[in-house]
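Going by this note's numbering, 964 is the number at position 306 of the sequence shown; the sequence numbering is gapless.
The C-beta atom is built at its ideal place from N, Cα and C for all residues, glycine as well.
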Amino acid sequence: MNKKSFDRRQFLKLSAATGAAWGALSEIGPKLFSPNSLWPAEPEINSESQPCEVMFYQKLPDQKIKCETCPKFCVVAEGQRGCCGNKENQDGIYYNLAYRQVCALQTDPIEKKPFFHYLPGTQALSLATAGCNLHCAYCQNWDISQAKPENIPPEKLKILSPEQIIQSAQKQKISTIALTYSEPIVFYEYMYDIARLGRPQGINSIMISNGFINPEPLKELCQQLTAVKIDLKSFNDKFYREYCDGRLQPVLDTLINLKKIGLWFEIVVLLIPTLNDRREEIRSLCHWVKENLGPDVPVHFSRFYPHYKLTNLPPTPIKTIESAWETGRQAGLHYVYTGNVTPHPGESTYCPNCQKVVLKRAGYGIMENNLSDGNCKYCGQVIAGVWKEIPPSQKE
659 MNKKSFDRRQ
669 FLKLSAATGA
679 AWGALSEIGP
689 KLFSPNSLWP
699 AEPEINSESQ
709 PCEVMFYQKL
719 PDQKIKCETC
729 PKFCVVAEGQ
739 RGCCGNKENQ
749 DGIYYNLAYR
759 QVCALQTDPI
769 EKKPFFHYLP
779 GTQALSLATA
789 GCNLHCAYCQ
799 NWDISQAKPE
809 NIPPEKLKIL
819 SPEQIIQSAQ
829 KQKISTIALT
839 YSEPIVFYEY
849 MYDIARLGRP
859 QGINSIMISN
869 GFINPEPLKE
879 LCQQLTAVKI
889 DLKSFNDKFY
899 REYCDGRLQP
909 VLDTLINLKK
919 IGLWFEIVVL
929 LIPTLNDRRE
939 EIRSLCHWVK
949 ENLGPDVPVH
959 FSRFYPHYKL
969 TNLPPTPIKT
979 IESAWETGRQ
989 AGLHYVYTGN
999 VTPHPGESTY
1009 CPNCQKVVLK
1019 RAGYGIMENN
1029 LSDGNCKYCG
1039 QVIAGVWKEI
1049 PPSQKE
């Protein structure tokens, strides 16, 4: 074992043993849980507190490895890490150092994710570890997404097993766990175990992601998840390369694969002035969604606010969001929404047949519910979505 690995593991053990006060980062919100009321007893420090071996990677000569989780396919020498910052090659074995290293956790309305067609009005136990495989210049949660596990202050770190996460959700009578805030793809093994263990106990798991993942890991993961939200950064590959350190096509491939798999998913597009808000680009995006994914996939157009490294641009004009909303509807998409603009008619769900409001929203609140068993109560039209929780016996 190299010296760096030893120091890091000692750090992880120390973090668990201190029993430090639990908190969340300021950008994520003020709702915090008391460790005394929420968590089971702290587990003993043992081998289970160590980093977890990555599920998708290939061993190469000279103790190098090739990560196969995301389309960057990082080739990592012994003692080094991949681009996400939380996976390390230790003696030719690739480990996820962020396993169990929770740095943000709170309850959120499901609408905050945002999910508008998935169990509306319910709560999700939301959590994250450090790290991301993209490096967006405008990231809202950059202080955890662009951090390494050992960079998280001990008072904002909690060592929690998948079993403890599930127990905490059960204790609060919350049936959905949301993997979110940073990028769940980079703590794939932790997410997978939480979802796998939760399903038989009636605990759903949903992923809020950038969609930059390879097909095989996605397929394996979707056997355990119940819904996914994808941030489509732009419909322009140049934007992905210059502002996100990524590429567009793998994200489009993820969306197409989600459609083939049949898992419920929604799309969010953050519109940034002068960068990805051209009417032509939005129109092309909407037509691509309709032709490749179908008209029933919800698309949320959200308002940008200056953040992180992109503070030279103003907030997105409301008229830009409204224009995108109209463009999506004109393109034939059934469920188009405005985000970060409230109150607004674009927050509500309309029946694609009779055009009446079936779910009236204001912010994260449901003001009016005109659904009957997932159908419009006025005309009987089926409204696409997940409106009822699946009994545990049907999830196994």
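1. Could you name each continuous alpha helix (DSSP H) segment of 4 residues or more that falls completely within the stretch 846–911, going from the start of the chain to the end?
2. Rounding to the nearest angstrom, what Cα-Cα distance links P873 and P931 in this structure?
3. Use the C-beta contact count for C1034: other C-beta atoms within 10 angstroms, 16 or more gives buried, fewer gives exposed.
4. Hey, could you find the ends of the alpha helix (DSSP H) T801 is sitting in?
5. What does P820 pair with, by DSSP beta-bridge criteria?
6. Give the DSSP bridge partners of Y966, in chain order.
7. Ends of the beta strand (DSSP E) at V927?
8. Would you grab the beta carbon distance between Y846 and M713 for me? Rounded to a whole angstrom, and I think it's under 8 angstroms.
9. Comparing alpha-carbon positions, which option in G740, Y715, Y752 lies nearest P709?
10. Buried or exposed: S1030, going by 16 or more other Cβ atoms within 10 Å of its Cβ?
11. Measure the CB-CB distance between C867 and E841 and report whether it falls below 8 angstroms.
12. Pull up the distance between the alpha-carbon of Q907 and that of D895, whole angstroms please.
13. With a threshold of 6 angstroms on Cβ separation, who are the neighbours of D954 within its own chain once the five nearest residues in sequence on each side are excluded?
14. Have a look at L777, A989, D801, V886 and flag the residue whose alpha-carbon is nearest the alpha-carbon of I832.
15. Taking DSSP as the reference, what is the three-state secondary structure of V947?
16. Determine the direct distance from the alpha carbon of C1012 to that of Q822, and round the result to whole angstroms.
17. Below 8 angstroms between beta carbons: does that hold for F870 and I914?
18. How long is the line joining the alpha carbons of C1009 and T838, rounded to whole angstroms?
19. In chain order, what residues of the same chain have a beta carbon less than 7 angstroms from the beta carbon of L855, not counting five sequence neighbours either side?
20. Just tell me which of K967, R758, V957, Y966 has its CA closest to the CA of T996.
21. Can you tell me the Cβ-Cβ gap for I768 and Q781, rounded? I've got them flagged as a contact below 8 angstroms.
22. Under the rule that 16 or more other beta-carbon atoms within 10 Å means buried, what is G1023, buried or exposed?
23. Bridge partners for S960 per DSSP, in chain order?
24. Compute the Euclidean distance between the alpha carbons of H965 and T974, then round it to the nearest angstrom.
25. Using three-state DSSP, classify A782 as helix, strand or coil.
26. Quick one: residues in its chain with C-beta nearer than 8 angstroms to the C-beta of L1071, no 5 flanking neighbours on either side, listed in chain order?
27. Under a three-way DSSP split, which group does E841 fall into?
28. How about the stretch 793–811 and the stretch 738–754: do they share at least three Cβ pairs that are nearer than 8 angstroms?
29. When burial is assigned at 16 or more other CB atoms within 10 Å of the CB, is A762 buried or exposed?
30. Would you give the residue range spanned by the alpha helix (DSSP H) that G986 belongs to?
31. By Cβ distance below 6 angstroms, which residues in the same chain neighbour A678 in space, the five residues on each side in sequence not counted?
32. Determine the direct distance from the alpha carbon of D720 to that of I618, and round the result to whole angstroms.
33. Over what stretch of residues does the beta strand (DSSP E) that includes N747 continue unbroken?
34. Only counting the same chain, and skipping five residues up and downstream in sequence, which positions put a Cβ closer than 8 angstroms to that of Y850?
35. How should G779 be labelled, buried or exposed, when 16 other C-beta atoms within 10 angstroms of its C-beta is the threshold for buried?
36. Out of Q1039, S942, E711, point me to the one whose CA is closest to R758's CA.
The structure says:
1. 846–856, 873–880
2. For the purposes of this step, residue 873 is identified with residue 215 of the sequence shown, where counting begins at 1. For the purposes of this step, residue 931 is identified with residue 273 of the sequence shown, where counting begins at 1. Each residue's alpha carbon lies about 32 angstroms from the other.
3. Taking the first residue of the sequence shown as position 1, residue 1034 is located at position 376. Buried, by the Cβ-count rule.
4. Here residue 801 refers to the residue found at position 143 of the sequence shown. A small correction: the amino acid at residue 801 is Asp; Thr does not occupy that position in the sequence shown. Its alpha helix (DSSP H) spans residues 800–803.
5. Mapped onto the sequence shown, residue 820 falls at position 162. Paired residue(s): none; P820 is not in a bridge.
6. Numbered from 1 along the sequence shown, position 308 holds the residue referred to as residue 966. Per DSSP, none; premise fails for Y966.
7. Residue 927 sits at position 269 when you count from the first residue of the sequence shown. 922–929 is the span of the beta strand (DSSP E), which, as asked, contains V927.
8. Counted from its first residue, the sequence shown places residue 846 at position 188. Counted from its first residue, the sequence shown places residue 713 at position 55. Indeed they touch by this definition, with Cβ atoms about 7 angstroms apart.
9. Position 51 of the sequence shown, counted from the start, is the residue given in the question as residue 709. If we check each option's Cα against that of P709, Y752 comes out closest.
10. If you number the sequence shown from 1, residue 1030 lands on position 372. Exposed, by the Cβ-count rule.
11. Sequence index remark: in the sequence shown, residue 867 carries index 209 (1-based). Sequence index remark: in the sequence shown, residue 841 carries index 183 (1-based). The sequence shown places Ser at residue 867, not Cys. In contact: S867 and E841 (Cβ atoms closer than 8 angstroms).
12. Indexing the sequence shown from 1 puts residue 907 at position 249. Indexing the sequence shown from 1 puts residue 895 at position 237. Q907 and D895: Cα-Cα distance of roughly 8 angstroms.
13. As a first step, residue 954 must be located in the sequence shown, where it is residue number 296. So the qualifying residues of the chain are H992, A1042.
14. Here residue 832 refers to the residue found at position 174 of the sequence shown. Selected option, being the one with the closest Cα: L777.
15. Numbered from its first residue, the sequence shown carries residue 947 at position 289. Looking at V947 - three-state DSSP - the assignment turns out to be helix.
16. Residue 822 sits at position 164 when you count from the first residue of the sequence shown. Residue 1012 sits at position 354 when you count from the first residue of the sequence shown. Those two C-alpha atoms are separated by around 46 angstroms.
17. As a working note, residue 870 is residue 212 in the sequence shown. As a working note, residue 914 is residue 256 in the sequence shown. Going by C-beta atoms, F870 is not nearer than 8 angstroms to I914.
18. Reading the sequence shown from its first residue, position 351 is the one you call residue 1009. Reading the sequence shown from its first residue, position 180 is the one you call residue 838. C-alpha separation (whole angstroms): 29 angstroms.
19. Position 197 of the sequence shown, counted from the first residue, corresponds to residue 855. Correct list, in chain order: P820, E821, I824.
20. As a position in the sequence shown, residue 996 is number 338, starting the count at 1. The residue with the shortest Cα to Cα distance from T996 is V957.
21. Taking the first residue of the sequence shown as position 1, residue 768 is located at position 110. Taking the first residue of the sequence shown as position 1, residue 781 is located at position 123. With 8 angstroms as the limit, I768 and Q781 qualify as a contact, their Cβ atoms being about 7 angstroms apart.
22. Mapped onto the sequence shown, residue 1023 falls at position 365. It is exposed - the Cβ of G1023 has fewer than 16 other Cβ atoms within 10 Å.
23. As a working note, residue 960 is residue 302 in the sequence shown. Its beta-bridge partners are L928, G997.
24. If you number the sequence shown from 1, residue 965 lands on position 307. If you number the sequence shown from 1, residue 974 lands on position 316. One C-alpha to the other measures close to 12 angstroms.
25. Along the sequence shown, one-based indexing puts residue 782 at 124. In this structure, A782 counts as strand in the three-state DSSP scheme.
26. Examination of residue 1071 is not possible in this model, given that the chain is present from 659 through 1054 alone.
27. Within the sequence shown, numbered from 1, the residue matching residue 841 stands at position 183. E841 falls in the coil class under three-state DSSP.
28. yes
29. Taking the sequence shown and counting its residues from 1, one reaches residue 762 at position 104. With 16 or more other Cβ atoms within 10 Å, it is buried.
30. Position 328 of the sequence shown holds residue 986. Its alpha helix (DSSP H) spans residues 976–988.
31. Position 20 of the sequence shown, counted from the start, is the residue given in the question as residue 678. At A678, the pLDDT of 29 sits below 50, so the modelled position is not reliable and the matter cannot be decided from this model.
32. Here the chain comprises residues numbered 659 to 1054, so residue 618 is not present and cannot be evaluated.
33. Counting from 1 along the sequence shown, the entry for residue 747 is found at position 89. Start and end: 745–748.
34. Sequence index remark: in the sequence shown, residue 850 carries index 192 (1-based). Correct list, in chain order: M713, E878, L879, Q882.
35. The sequence position of residue 779 within the sequence shown is 121, counting from 1. Per the 10 Å Cβ criterion, exposed.
36. Taking the sequence shown and counting its residues from 1, one reaches residue 758 at position 100. The candidate whose alpha carbon is nearest that of R758 is E711.
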